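**Student:** I have a structure I would like to understand better, so I am pasting it below and will then ask my questions one at a time.
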Amino acid sequence: MALRSAAAAAVAAPRGLRRLFSTASTSPFIPPPTSAAAQAREQPEPSTNLFVSGLSKRTTTEKLQEAFSQFGEVVHARVVTDRVSGYSKGFGFVKYATLEDAAQGIQGMDGKFLDGWVIFAEYARPRPPLGQPGNNMAPPYGRQ
DNA sequence: TCTGAGCGA
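Anchor point for the first sequence: position 49 equals 49 in full-length UniProt numbering, and the numbering is continuous, going up by one each time.
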């Protein structure tokens, strides 16, 4: 029981900022999120790719896929690990077969415990193209 | 074997 309370508290603030604006409904000044940037802030576009963060350093790809397969058909899953160290970076990606599976995967695994850590699942951001083939693998991605 | 709040080979 105590664990669920901790999970609820953790899911309420994965990064310290999640729904602070939603609780400020008593404020007379509420900026209407009609901007595309505002939607991209908390309204990520639906995608089969999910970004999972908060993973334990010991969480592996198979563990990630196994956990997310309970809520949908996972076609691919990967835990990002450091190339030099080989250790997990604490986050990974899960790709579902359909968008609905991805949505259920998020709502099913977001704020849940995995390897003793509260993980967070959300739609992954669209990354830029890999560039031209034949070039060095590891193009300087433009963050955000 | 580790780090922690992070978007990948």
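Think of the CB as a built atom: it goes at the ideal place given N, C-alpha and C, for glycine as much as any other residue.
Note that this is a predicted model, so its numbers are computed, not measured.
1) Strictly by DSSP, which residues pair up with E122?
2) If the criterion is Cβ atoms closer than 9 angstroms, does the pair T61 and V79 meet it?
3) Suppose contacts are defined by Cβ-Cβ distances below 9 angstroms. Is L50 in contact with K95 by that definition?
4) Just mark L64 as buried or exposed, buried being the case when its beta carbon has 16 or more other beta carbons within 10 Å.
5) Going by CA-CA distance only, name the one from P129, G111, P46 and F91 that's closest to R58.
6) I need the straight-line Cα distance from S53 to A121, nearest angstrom please.
7) May I have the straight-line CA-CA distance separating L114 from T98, to the nearest angstrom?
8) Here's a check: name, in chain order, each residue in its chain whose Cβ is nearer than 8 angstroms to the Cβ of A123, leaving out the five neighbours to either side.
9) Rounded to whole angstroms, what's the CA-CA distance from G86 to I119? Just pull it up for me.
**Tutor:** Reading from the atomic positions:
1) The count along the first sequence starts at 1 and reaches residue 122 at position 122. Bridge partners of E122: F51.
2) By 1-based counting over the first sequence, the position of residue 61 is 61. By 1-based counting over the first sequence, the position of residue 79 is 79. Contact: yes.
3) As a first step, residue 50 is located in the first sequence; it is residue number 50 there, counting from the start. As a first step, residue 95 is located in the first sequence; it is residue number 95 there, counting from the start. Yes, Cβ-Cβ distance for L50 and K95 is below 9 angstroms.
4) As a first step, residue 64 is located in the first sequence; it is residue number 64 there, counting from the start. Answer is buried; the Cβ neighbour count reaches 16.
5) Walking along the first sequence from the start, residue 58 turns up at place 58. Of the listed residues, the one whose Cα sits closest to R58 is F91.
6) Taking the first sequence and counting its residues from 1, one reaches residue 53 at position 53. Taking the first sequence and counting its residues from 1, one reaches residue 121 at position 121. Rounded to the nearest angstrom, the two C-alpha atoms are 6 angstroms apart.
7) Position 114 of the first sequence holds residue 114. Position 98 of the first sequence holds residue 98. Distance between the alpha carbons of L114 and T98: 23 angstroms.
8) Here the question's residue 123 lines up with position 123 in the first sequence. Here the sequence assigns Tyr to residue 123, which means Ala is not the residue at that position. Within the same chain, Y123 has close Cβ partners P44, E45, P46, S47, N49, L50, F51, A102 and I106.
9) Position 86 of the first sequence, counted from the start, is the residue given in the question as residue 86. Position 119 of the first sequence, counted from the start, is the residue given in the question as residue 119. For G86 and I119, the distance between alpha carbons rounds to 20 angstroms.
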